[in-house]
Amino acid sequence: MRVLVTGGAGFIGSHVVAALRERGHEAVVFDVREDAGADVRVPAAVGRALAGVDAVCHQAARVGLGDGVADAAEYVSHNDLGTAVLLTAMAEADVRRLVLAGSMVVYGEGRYECPRHGVVRPGPRAVTDLGAGRFEPPCPVCGADLVPGLVGEDAPADPRNVYATTKLTQEHLAAAWARCTGGSAVSLRYHNVYGPGMPRDTPYAGVASFFRSALARGEAPRVFEDGRQRRDFVHVRDVAAANAVVLEAEAAPGVLTAYNTGSGDPHTVGEMARALAAAYGGPEPVVTGEYRLGDVRHITADSSRLRAESGWKPAVGFEEGMAEFARAGMREA
């Protein structure tokens, strides 16, 4: 296939391009890092890029938690307006296959069970609780301690910040496009992606980037809250392989299909920081008790549907991946 990869010069996008080419496909990079005119918000530029294309892998996005609502317009412009322009151009060019870089942030908090009330959905954590070091969300019915679990794709969406809201909107736009055109759309809901080529210390990078950047400066990684928040750290090559696999698979026409895309091996943020520091040979992490509004406590999802329906499975284990990341180069934002 000839595949247009938006954001193809970025962290994840560049690995997707490599994975596609390794499997014999022609990957066309559309990215402002390589061409200032390659902006998904510009209809003419997108239309030209779609010439002769069989499928689109849409990685271009503004990522990260951002700055509250101060940069909401920028997030909506890049993520949602850009996606709308791309989908309109795909409909006009009769390109009917899309893979979207989705995100597990659409779920908000993860899955929790209360000993008395079963599966519950706690609301946003209160500032008073966070400030007092009470980081675990309580049962919204009785206030009891909860047990975190894995989120399935059928869980209701509950975005907790601007970035998460724009990622959910991208899925809604892609679903509407699929219904209108009969095209196939797949959203790979990425977990915490890390690996070689990750952007260095920026407000829009993931926590692994912050820790790795601190170690490169000879500083201890600063772990927020108590370090026990659970995440699924998935290697970028595994994410890239998932994109290639679903592009090659037969996808249902007229609908958007969402797949959680994680390693299936959750770890706490503190464990990740310690593994990275040990592999790098740097100072031990420092748990600070700080917090960010909009962060969720635990979010780990069940990726078994993607494995069962596509045959994809992650190949890079946690220890191996962290050891490689500790040695790997990073890029400027």
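For the sequence shown, the tail end lands on 333 under full-length UniProt numbering, and the numbers increase by one without skipping.
We put the beta carbon where it would ideally sit given N, CA and C, even for glycine.
Shown here, C57 sits in a strand according to DSSP, grouped into three states. For T268, DSSP records a beta bridge to R230. Between R179 and the set V255, P140, R231, Y194, the nearest pair of CA atoms involves V255.
H172 sits exposed, since fewer than 16 C-beta atoms from the chains shown fall within 10 Å of its C-beta. Beyond the five residues adjoining it in sequence on each side, V85 comes within less than 8 Å, by CB distance, of V40, R41, V42, P43, V46 in the same chain, given in chain order. DSSP lists G118 as the bridge partner or partners of C114. Contact between V16 and C57 holds: CB atoms are separated by about 6 Å, below the 8 Å threshold. When beta bridges are read from the DSSP output, A208 appears opposite no residue. Straight-line measurement puts the Cα of P283 at about 45 Å from the Cα of A174.
Here the alpha carbons of A72 and V162 stand approximately 6 Å from one another. A240 and A251 have their C-alpha atoms roughly 18 Å apart. Assignment of G102 by DSSP, reduced to helix, strand and coil, places it in the strand class.
The continuous beta strand (DSSP E) containing N260 extends over residues 256-261. A distance of 9 Å or more separates the beta carbons of S304 and G270.
Boundaries of the beta strand (DSSP E) around V193: 192-194.
Cβ contact annotation for G10 (same chain, cutoff 8 Å, sequence separation greater than five): D31, R33, Q59, A60, in chain order. Counting other Cβ atoms within 10 Å of its Cβ, E26 stays below 16 and is therefore classed as exposed.
Our two residues, W177 and G152, have alpha carbons roughly 24 Å apart in a direct line. Contact annotation: A91 and V186 have beta-carbon atoms that are not nearer than 9 Å. Cβ contact annotation for G182 (same chain, cutoff 6 Å, sequence separation greater than five): P253, G254, in chain order. Within 10 angstroms of the beta-carbon of V69 lie fewer than 16 other beta-carbons, which makes it exposed.
Looking at the DSSP output, G149 bridges to R111. Contact between the region 210-221 and the region 278-296 is present: 3 or more CB-CB pairs across the two stretches fall below 8 Å.
If the five residues before and after V236 are omitted, its C-beta is found closer than 8 Å to the C-beta atoms of F11, I12, H15, V193, Y194, G195, P196, G197, M198, all from its own chain and listed in chain order. Burial is judged here by how many other beta carbons sit within 10 angstroms of a residue's own beta carbon; C114 has at least 16 and is buried.
Counting along the chain, V3 sits inside the beta strand (DSSP E) bounded by residues 2-6.
Residues of the same chain with a CB within less than 6 Å of the CB of L130, apart from the 5 flanking positions on each side, are Y291 in chain order.
V296 carries a coil assignment under DSSP once its states are collapsed to helix, strand and coil.
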